[in-house]
Structure formats: C-alpha cells, structure tokens
Amino acid sequence: MTDFRTEIRAAFEKEQAAAPPPAALRPQVVAAVHHHARAVTWPRPRVERNMHWLMVAAAALLTLAIVAGFMAVRNATRQPVLLKPVPTPEMCVPGPTPRADGFAQAHGRITYRDRCGIWALDADEPTARSLVSQFVAPSTFDPPGLTPIAWSRDGRRLLLLTGWPGWRVGHLVAAEMNLHVMESDGTQKELTRDGRSGVGTFSPDGSMVVYEHRDLAYPERLAGMPEVVGSDLYVVPVAGGAPRLMAHSQKGWWLGSPAWSPDGSHIAYTVFKGGGDPSPYEIWIMKSDGSGQRQLVGFGTGCGGGVCIGGMAWSPDSSVLAFSSASGSATNEEQIYLVRADGSALRQITQEGGSWPVWSADGSRIAFIRNLRIDDAGNYEARLYTMAADGRDVKIVWEAGPIDLFTWNPVA
Amino acid sequence: VRNVVVSGTPAAELDFDSLVGPHLDDGYRTALAILHDPDEAHDAVQEAAFKAWRRLRQLRDSTSARAWFLAIVANQCRSMRRTRWWSVLRLPELEPTVREVAMEGPDLGRALARLSEEDRLALFLHFFLDLPLDEVGTVLALSAAGAKTRVYRAAKKLRPDLELNL
C-alpha cells in the first residue's frame, strides 16, 4: 500500500514538475478577481447631494434607453442571444419514464442526450420532450452516457457514441470512443470495442454502419503512450461480425464523417491531408462497396487548427451534402456549407457559426449546433438551432443546456 | 471557514484572498492534471476564481474551502473540453507536452494515461493532493463512500492485485 501510494505520487509529481504553478499565480488571480469585482459589482462612492444629480440621472436613463433600443434591434436581426438566466442543470430526479413504444415517440423528432438520458423533442415544440432512454447512473464527467449520432432510415435503430478523452493529438486530447446500437425494443449492444471509433452512419437498410476508425502510433517521444496519427473508414454489420476496411488512410490522412446516402448508392466523407504544408482538406465520395473513391470537392488548405471540415450529412433525396468547416476563419469558427452531390453549387449558408448539420425528414430544415452566450462574463456553450435549408429562418430549439452531438429521426 | 462574506465589499476581497487564495496552486495542479496544458490550466483557474467570487455566498462553515474551490475548477475544466470531446482536433505543431514528457515510467505512467479522466482525477486528488475521501467526494460530486469506491476501483485498475486500505 505504502509502495503504491509512493509510486503513484511519484508519477503525478513527474507530470506536475514539468509545469509547476507560476510563482505569481496567487497575486495575479486575486488581483484579476478584485479588478473584475470592482468593475462589475462595487457601488460607486456616493456623491454629495446637489441639484446636478437629476440631470446626471436623466442623462444616464436616456443613454440606457438608446443602448437598449440599439441592442433590441441588433438582436432581432442577428442570432438569438440568451438574455434570461440559464436554467440550472437538470438533476436526474425521478421524472418521465421511457416508453416501450418502439421509438414511436421519437419519430420525426430531434434526438439528443443530457446528463440523465436520451431525449426526443419536437423542433417546433421543444418543451414537450420525451425520454427515450434513461442512464442508469449519471456521470460527474462529460461526456456522460451514450450520445445519439444517427438513426436508421426506418427509425428503428439508433447509433450511439460513447467515450472518454484519452488520447493525445497535438497538444489536445482525442476521445477513446466506441459505437453502440440501440434497438427499438430497448436492447442495446456494443458495436465496436477498441476505443478507436469515431462518428458513423447506418446503411439505408440499417444492417451496416460505416464509421471512422483512428490509427494509433506509439512514438518514442511519448514514452509508449499512443498518439492518433490518422483515421480510416470501416463498415461493421449491426448483427455482428468483423469490421471491414472501406477506405484506407495514407500517411497523415484523416478520413472522417462518413455519410451513407439515403438511396444507398454512395458514401461521402471528409479527407484531411495532414502532415504537409499546406494541409488540404477535401470532400470525397465512393460507391457503397468502397470502389470508385474520388475527390468531390477540394475545399481549402489549412484552417489554423481546429476542426477543418466535418459533420457530413446527406439531404433525404440524396441530392445535396451539408457539412461544416472552419475554412477561412481567423477564430476557427465553423460555418455550414452545402454542395450538390455532383460537386457543384458549393455555398456557405451560415454567417454566425454552425456545425454538425442534420437534415429534417422532409429536407426542408437543417438542425445544427451554434455557440450561444450564456452569461454576462462572455462564456459560450453549444446550443441547438434549426434553419431552413437555404440558411434562412434561424431558430433556437433547445437552450436549457449544452448539446454536442444529436440526430434527427427520419420517419416523417 | 468563518465569516461567510457578502461579495462586492472590501471585506469580501480580503476574505476571498484568505479563503480561496491558499488553494489556487492546488487548483492549478488539478486543472493541469485534467487538461495537461499549462496555459489552459492557468485559464481554468482564473475562470474558476471568477466563478468562486460570484458564488462566495455558497460557502458554508461546514464546507472545506479547498474542496469547494477544486470542485469549481474541475467543473471549469470539464466545460472547457466539453465542446469538442467527440472530435479529433488537428493542430499544426506536434510538440511534446507536459503529460508526454512527464509520464516516463513505462508501467504506471502508461496505465495512468489509459485511465478515464474520472478515475485519474480521483487518484490525483487523494494520493497527490492528499484530500481526504469526503473532500474527494465534494470535488467529484460523490458521497464519501462513493469517492472511496471510485479511488479503490481506479487503483485496482492500475494494480489488480493491490490490497488497498483506504
């Protein structure tokens, strides 16, 4: 016991010794807090009462009215900004119980998860949401539980992703993730187990899943720790069986966001050709048997870090692809783009940020994630929005908590 | 912890310094253990300090200021990595970082690196910062018994044959 305690302490000490707390941490932080507190909360010293205070107050009120009016007009024409207090995180107290209705409650509805379970909500009436599946024990860490990422076309199977941050990519951490499938009778099984899976989608008949699979290396400089160095595309039968390689990554290539077209003919995916300078990122397409792999759109080179391109999604009629990219953004803010399946008519449809586009069943709207200001301190969290398929008519759908990934049930 | 203060007064400044100030280094170390990046850890501690200031009223006599602040730090770190946990972010430079250069021990270091962040943080709080189990529970939003179970299970993942008396 003593040895173990010493050993584990030594391991943490090595890690901590590489970057000890800055010597001036305490005075810096305390000074910043005091400055912040004075600027935000402290009352000004009371001025002597005289006849000028009425004029000062009137001027202040007039200024406030002008600013408020300006802000109201600005907010009415820009993305919705949350002006009311953010609801406290939902507690996993006894509430609605999941209904064994074969996912009927989720038909045509957006499906997402929070700390307590998986929910289905109507994009037009988000308050009337229903519980699809409850997590047994909420985790204290994100990401908790299973995150829904795709429905089968018949709405009877739900693809879920789970994982924990664990592997190093650059100086950030990629998640150790696995895929699960939940059937309409509530049963659930693990589809992949090696922790190297990424996002994926069902084949149109729901029998297969195409997904991204990370390549690991164990470079000497990491002392035996794994590092993600690229990603391939695999398919795996839902009924069980070994995954099969569909598209192999060349050195330093990252193949991701595979999306099976609803008509079953093709799989679109993203390719990030890392390791070079410049590092281009592109949209590729292949036939559903893996043949005929070709570039559809060359999108850009370099995006200053961050997610260069991702979130591929076919329109229900298999004619248009939606995706998100941080191309051309100095702040790595992603925007949503559309391109026709033949590679023509590439266009950006958001101007104020958006990622992870998902089509509605009838193809008339696209749901997506956008960062929303949640407090006066300038903090942002991801929230769920929808917009018309041409990028107009943006509406916030769910603002009661952060949403990272979600899907939209395709059964009308 | 005495004299719970009302934020926004000079007295509050002094109390904030005396209550939270001594735990800023531990906050930084905790943030580093979660985020593995000194700059991000510094940012996390600064943001957590702002939040602690705004929530100073929550601090009660019976609450450990250290555990209370570390819980805010841990939440801040989770928030910072929440946005893109599912995605692989590719950066232009691949520089060895804190965790990479530090975890040189091929056995325990690798095993620690493979633990979930939840398990890893439990071990860090208990064995490195020497937090008692009830304070580990406060940081992890668990009961003391739950924290004990978490620490025990995490340690057994590292050493399955370990006899651990907590």
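So the sequences go chain by chain: A and B.
Under the working numbering, the first sequence has 282 at position 284, and the numbering climbs by one with no breaks.
Under the working numbering, the second sequence has 64 at position 29, and the numbering climbs by one with no breaks.
A virtual CB, placed ideally from N, CA and C, is assigned to each residue, including glycine.
The model shown is predicted, which means the values in this text are computed figures rather than measured ones.
key: Pair within 8 Å by beta-carbon distance, B:Leu175 and A:Ala9   = Contact check for B:Leu175 against A:Ala9 fails: the beta carbons are separated by 8 Å or more.
key: Cα-Cα separation between B:Thr132 and A:Gly262, rounded to whole angstroms   = Residue placement at B:Thr132 is poorly supported in this model, since its pLDDT is 39, which falls under 50; the coordinates still yield a value, given next. Cα atoms of B:Thr132 and A:Gly262: separation of roughly 44 Å, rounded to the nearest angstrom.
key: Top-ranked residue by Cα proximity to A:Gly193, from A:Leu214, A:Gly184, A:Ser182   = Comparing Cα-Cα distances from A:Gly193 to each of A:Leu214, A:Gly184, A:Ser182, the minimum goes to A:Leu214.
ask   = Relative to the alpha-carbon of B:Ala180, which residue among B:Ser53, B:Asp74, B:Ala157 has its alpha-carbon at the smallest distance?
value = Comparing Cα-Cα distances from B:Ala180 to each of B:Ser53, B:Asp74, B:Ala157, the minimum goes to B:Ala157.
ask   = Distance, Cα to Cα, B:Glu75 vs A:Ser229?
value = Taking the CA atoms as reference points, B:Glu75 sits about 27 Å from A:Ser229.
Among A:Val207, A:Gly296, A:Glu123, the one whose alpha carbon lies nearest that of A:Val233 = Of A:Val207, A:Gly296, A:Glu123, the smallest CA-CA separation from A:Val233 is found for A:Val207.
ask   = Nearest chain B C-beta to A:Pro19 closer than 8 Å, yes or no?
value = Cβ-Cβ to chain B under 8 Å: yes for A:Pro19.
inquiry  = Our contact map puts A:Trp252 next to A:Gly309 with C-beta atoms below 8 Å; I'd like the distance itself, whole angstroms only.
reply    = For a cut-off of 8 Å, the C-beta gap from A:Trp252 to A:Gly309 is around 14 Å, too long to register as a contact.
message = I'd like to know whether the C-beta atoms of A:Ile281 and A:Val337 end up nearer to each other than 8 Å.
response = Result yes, Cβ atoms of A:Ile281 and A:Val337 sit closer than 8 Å.
ask   = Taking just the CA atoms, how far does A:Pro314 sit from A:Gln103?
value = For A:Gln103 and A:Pro314, the distance between alpha carbons rounds to 21 Å.
inquiry  = Quick check: what's the CA-CA separation for B:Pro195 versus A:Phe2?
reply    = C-alpha separation (whole angstroms): 12 Å.
key: Status (buried if at least 16 other CB within 10 Å, exposed otherwise) for B:Ala87   = With 16 or more other Cβ atoms inside 10 Å of its own Cβ, B:Ala87 counts as buried.
task = List the residues of chain A that B:Tyr63 touches, going by C-beta distances under 7 Å, in chain order.
result = Near B:Tyr63 (Cβ distances below 7 Å), the residues of chain A are Pro19, Leu23.
query = If you draw a straight line from the alpha carbon of A:Ser317 to that of A:Ala126, how long is it in whole angstroms?
reply = So the alpha carbons of these two residues sit roughly 32 Å apart.
key: Beta-carbon proximity list for B:Gly62, same chain, < 7 Å, skipping 5 on both sides   = The beta carbon of B:Gly62 is closer than 7 Å to those of Val80, Ala83, Phe104, Leu105, Val108 in its chain, skipping five residues each way along the sequence.
task = Mark A:Leu62 as exposed unless 16 or more other C-beta atoms lie within 10 angstroms of its C-beta, in which case mark it buried.
result = So A:Leu62 ends up on the exposed side.
request  = Could you name the residues of chain A that B:Val80 contacts, counting a contact when the two beta carbons are closer than 8 Å?
outcome  = Listed along the chain, the chain A residues whose CB falls inside 8 Å of the CB of B:Val80 are Leu23, Val27.
request  = Would you decide whether A:Tyr216 is buried or exposed? Buried here means 16 or more other CB atoms lie within 10 Å of its CB.
outcome  = Exposed is the call here.
inquiry  = Residues in the same chain with beta-carbon distance under 6 Å from A:Ala359, minus the five sequence neighbours each way, listed in chain order, please.
reply    = Answer for A:Ala359: Gly106, Pro408, Ala410, listed in chain order.
task = To the nearest angstrom, report how far apart A:Gln349 and A:Gln333 are at their CA atoms.
result = Cα-Cα distance, rounded: 7 Å.
Cβ-based neighbour list, B:Arg64, same chain, cut-off 6 Å, excluding 5 preceding and 5 following = Here the set comprises nothing.
message = Does B:Ser178 pass the burial test, meaning 16 or more other C-beta atoms within 10 Å, or should it be called exposed?
response = So B:Ser178 counts as exposed.
ask   = When DSSP labels each residue in this structure, what does A:Thr405 get in the three-state scheme?
value = In this structure, A:Thr405 counts as strand in the three-state DSSP scheme.
ask   = So, is the C-beta of A:Gln349 closer than 8 Å to a C-beta in chain B?
value = It does not; no Cβ of chain B falls within 8 Å.
request  = Determine the closest residue to A:Glu11 out of B:Leu160, B:Val55, B:Arg90, B:Ser99, with distance taken between C-alpha atoms.
outcome  = Nearest neighbour of A:Glu11 by Cα position, chosen from B:Leu160, B:Val55, B:Arg90, B:Ser99, turns out to be B:Leu160.
request  = Could you tell me which of B:Leu201, B:Leu54, B:Asp60 sits nearest to B:Lys183, measuring between CA atoms?
outcome  = Of all alpha-carbon atoms in B:Leu201, B:Leu54, B:Asp60, the one lying nearest the alpha-carbon of B:Lys183 is that of B:Leu201.
key: Euclidean distance between Cα positions of B:Ala190 and B:Ile69   = Those two C-alpha atoms are separated by around 17 Å.
ask   = Once you ignore the five residues that flank A:Thr86 on each side, which residues in its own chain have a CB closer than 7 Å to its CB?
value = For A:Thr86, the predicted structure reports a pLDDT of 38, less than 50, and the residue's modelled location is therefore unreliable. A value from the coordinates is still provided. For A:Thr86, where only same-chain residues beyond five positions count, there are no Cβ hits under 7 Å.
A:Trp258 - partner residues in DSSP beta bridges = A:Trp258 is bridged by DSSP to A:Ile265.
inquiry  = Less than 8 Å between CB atoms is the rule here; does A:Glu5 satisfy it with respect to chain B?
reply    = Closer than 8 Å: yes.
ask   = By Cβ distance below 7 Å, which residues in the same chain neighbour B:Leu197 in space, the five residues on each side in sequence not counted?
value = Correct list, in chain order: Ala190, Lys191.
ask   = Along the chain, which unbroken stretches of the beta strand (DSSP E) at least 3 residues long are found entirely within the stretch 294 to 351 of chain A?
value = Secondary structure remark: continuous beta strand (DSSP E) runs of at least 3 residues inside the stretch 294 to 351 of chain A, in chain order: 307 to 312, 318 to 323, 333 to 338.
message = Any beta carbon from chain A within less than 8 Å of B:Pro167's own beta carbon?
response = By this cut-off, B:Pro167 is not an interface position.
request  = From the DSSP output, read off the bridge partner residues of A:Ala386.
outcome  = DSSP output for A:Ala386 lists A:Arg363 as bridge partner(s).
query = Does B:Asp50 get closer than 8 Å to chain A when you measure Cβ to Cβ?
reply = Not one chain A Cβ lies under 8 Å of B:Asp50.
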